[in-house]
């Protein structure tokens, strides 16, 4: 069978052909050449305009999807760790990076996937998942446009390196057993306007004094060594903060409340919660993360409803 010369067809025919392809096929076709990428961008503009954001699900197996404004989603590409289960076929150039690709075993032998190397691999030509994800985003700018937002879900072990991604609007990061505050800062610094950030099970160390995280709209952070929550209480400029810590000083909470009562910052704050993060093996159900009586006496709050547990206090700024 002779090859299909897509360039030679009229625009209407080109669009019918490309519209009949799934998004994964279109993506793989777009990396064939710059000319082919430009053709796809021209013909599929209306299709790509329906994409609201790109979703990256990053775990041992990675799946990148395009999510449309109507809530539907379509797979762009999947990325698998290099194992004997994936049949190696060759390499593809994605924005200057030679990326291995292959086929999955039954029941999906027709699906092509990209292949990344485990961090323990000694091959000098190895390509890690971080590099593939960064190359994908760089190529996606020329395909889908550089205005597409990204949502990132990460569930990996500590040795996984967070990719340098831009235009991230929300991040869910579960990096076991901990993630360093500096590493988190470096990842977030490329997307200073994120709407939502979740980090667990533990952040270790401090955030930078000028961290963009302090300005995020909503954050949910679990920390390890009681260094981040106090800084958030001093510098947070967002709307909602849900915090878990193993230790916090009464003075940190009193200082925050006094500033809040005096309208000294926190103009956007709507919700703030601080919960105990203690090892369940040593957890005493009668213990308290902080002393509410001392805090209440320090700022002059009085209970407004003792029938509710925990009691509610009202203060009009």
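Numbering (my numbering), first residue to last: 130 to 446. The C-beta atom is built at its ideal place from N, Cα and C for all residues, glycine as well. Computed from a predicted model, the values in this text were never measured in an experiment.
Measure from the alpha carbon of residue 383 to the alpha carbon of each residue in 361, 424 and 354, then state which is nearest. 424
Kindly give me the distance between the Cβ atoms of residue 278 and residue 306, rounded to whole angstroms, as I take these residues to be in contact under 8 angstroms. So it is not a contact: roughly 30 angstroms between Cβ atoms.
Find the nearest neighbour of residue 352 within the set 437, 375 and 212, judged by alpha-carbon distance. With distances taken between Cα atoms, residue 352 lies closest to 375.
Taking the CB atoms as reference points, tell me whether residue 215 and residue 241 lie closer together than 8 angstroms. Residue 215 is not a Cβ neighbour of residue 241, given a cutoff of 8 angstroms.
In angstroms with no decimal places, state the Cα-to-Cα distance between residue 316 and residue 442. 38 angstroms
For residue 498, count neighbouring Cβ atoms within 10 angstroms of its own Cβ and tell me buried if that reaches 16, exposed if not. This structure does not reach residue 498, given that the chain is present from 130 up to 446, and the question cannot be answered.
Under 8 angstroms, do residue 264 and residue 208 count as touching if we go by C-beta distance? No, the pair does not count as a contact, with Cβ atoms beyond the cut-off.
8 angstroms Cβ cutoff met for residue 220 and residue 261: At a Cβ-Cβ threshold of 8 angstroms, residue 220 and residue 261 do not count as neighbours.
With 16 as the cutoff for other CB atoms within 10 Å, does residue 280 come out buried or exposed? buried
Roughly how many angstroms lie between the CA atoms of residue 341 and residue 322, to the nearest whole one? 8 angstroms
Give, in chain order, every unbroken run of the beta strand (DSSP E) that is at least 3 residues long and sits entirely within the segment 181-262. 191-197, 202-210, 216-223, 226-232 and 241-245, all fully within the segment 181-262.
Proximity to residue 171 [Cα-Cα], best of 367, 339, 190 and 139: 139
Candidates 147, 205 and 141: which alpha carbon is nearest residue 156's? 205
Give the range of the alpha helix (DSSP H) segment to which residue 342 is assigned. That residue, residue 342, is in no alpha helix (DSSP H); it is neither H nor E in DSSP.
Alpha carbon to alpha carbon, how far is residue 326 from residue 200? 21 angstroms
Rounded C-beta distance between residue 387 and residue 368? I'm assuming under 8 angstroms. The pair is not a contact, with the Cβ atoms about 21 angstroms apart (cut-off 8 angstroms).
My assumption, with CB atoms under 8 angstroms, is that residue 246 sits in contact with residue 230. Please give the rounded CB distance. About 13 angstroms separates the two Cβ atoms, so there is no contact after all.
May I ask you to report which of helix, strand or coil DSSP gives residue 411? Bear in mind that a pLDDT of 44 at residue 411, under 50, signals an unreliable position, so the number given afterwards is only what the model happens to contain. Residue 411 falls in the coil class under three-state DSSP.
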